[in-house]
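Q: Okay, here's the structure, questions in a sec.
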Amino acid sequence: MRAKSLERLGETQKRKREDIQPSQGKKKRGSAGDAVAFLRERTEAMAAARKEEISMQVQQQESERNFWN
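See below:
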């Protein structure tokens, strides 16, 4: 009883939380590998789209050049 009366407010709040809910251990973060794989795939898709866009622009310029000649 005396120990409870001498403890600090923070300790009391912590003890009350533990009484209500036992500690569940540390939370683990997800691996960064998934995010890196997603970003790699997105970058590859964007590069492919950009390459296709550039080739379409080149074809359009060639057709305009042939039209005027």
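FYI, in UniProt numbering the residues of the sequence shown are 1 to 69.
Yeah, the Cβ is synthetic: ideal placement off N, Cα and C, and Gly gets one too.
Can you tell me the Cα-Cα spacing of Lys16 and Arg29, whole angstroms?
A: 27 Å
Q: Can you tell me whether DSSP reads Gly33 as helix, strand or coil?
A: helix
Q: If you draw a straight line from the C-alpha of Ala35 to the C-alpha of Glu53, how long is it?
A: 27 Å
Q: So, helix, strand or coil for Arg50, using DSSP?
A: helix
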